[in-house]
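Report on the structure given below.
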Amino acid sequence: MDEPRWLDEREDRAWRGYRRMRRLLDLTLARELMQDAGLSEPDYDVLSDLSEAPEQRLRLSELADRMLWSRSRLSHHLSRMQQRGLVTREECPSDGRGSIVALTPAGRAAIAAAAPGHVAAVRRHLIDLLTPEEVTALGALTQRVVDRLAGRPAVPEA
């Protein structure tokens, strides 16, 4: 068996720093979103994706893929959002098996009210701490990792 390639000090510092930053950023943004808008991060993600979709509707399977959730997990979450009047579900007219998730007027109002504060929090806690060059680099490196994890070739930029 090959000896593992241990992280050197620089790599370990970057890895641990990334993990701590990610956890703190996720916790901070989730807490502020709940305090300011009464929405969880998954609520916000669903409402945001639907608000940007054609006719503010998506197949449940497509929404699950976007969120990286199982259909079952998303279905349970959507049931809670439906009870709050934020979304509706209807049978897919083209195949009768799938579900279409649609934004309600209350869902539109919720995302419209939440988005400005959430974007301000993302700016305050991440974007505004970086130079424009660092924002560009962050976008490039996150896309490279996403591509690799999604099974697409991850080619470093020259």
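Counting from 1220, one number per residue, gives the positions in the sequence shown under this note's numbering.
The C-beta atom is built at its ideal place from N, Cα and C for all residues, glycine as well.
- Taking the Cα positions, LEU1243 is about 11 angstroms away from LEU1345.
- Pairing VAL1320 with LEU1279 gives a Cβ-Cβ distance under 7 angstroms.
- In this structure LEU1277 is not in contact with ALA1329, their Cβ atoms being roughly 17 angstroms apart against a cut-off of 8 angstroms.
- The C-alpha of PRO1335 is placed about 21 angstroms away from the C-alpha of ARG1303.
- Contact between the stretch 1343 to 1362 and the stretch 1244 to 1257 is established, with three or more Cβ pairs separated by less than 8 angstroms.
- At a Cβ-Cβ threshold of 7 angstroms, LEU1252 and LEU1322 do not count as neighbours.
- Within the same chain, Cβ atoms closer than 8 angstroms to the Cβ of SER1289 are found at ALA1283, the five residues on either side in sequence being excluded.
- For LEU1348, there is no enclosing alpha helix (DSSP H), as DSSP marks it with neither H nor E.
- Counted as a single uninterrupted DSSP element, the beta strand (DSSP E) harbouring GLU1309 occupies residues 1306 to 1310.
- The beta strand (DSSP E) runs lying completely inside the stretch 1267 to 1317 and spanning 3 residues or more are 1276 to 1278, 1306 to 1310, given in chain order.
- In this structure, the CA atom of GLY1315 is about 26 angstroms from the CA atom of ARG1327.
- Across the set MET1286, SER1313, ALA1249, ASP1366, the C-alpha of ALA1249 shows the shortest separation from the C-alpha of HIS1337.
- Approximately 20 angstroms separates the beta-carbon atoms of ASP1264 and MET1240; this is outside 8 angstroms, ruling out the contact.
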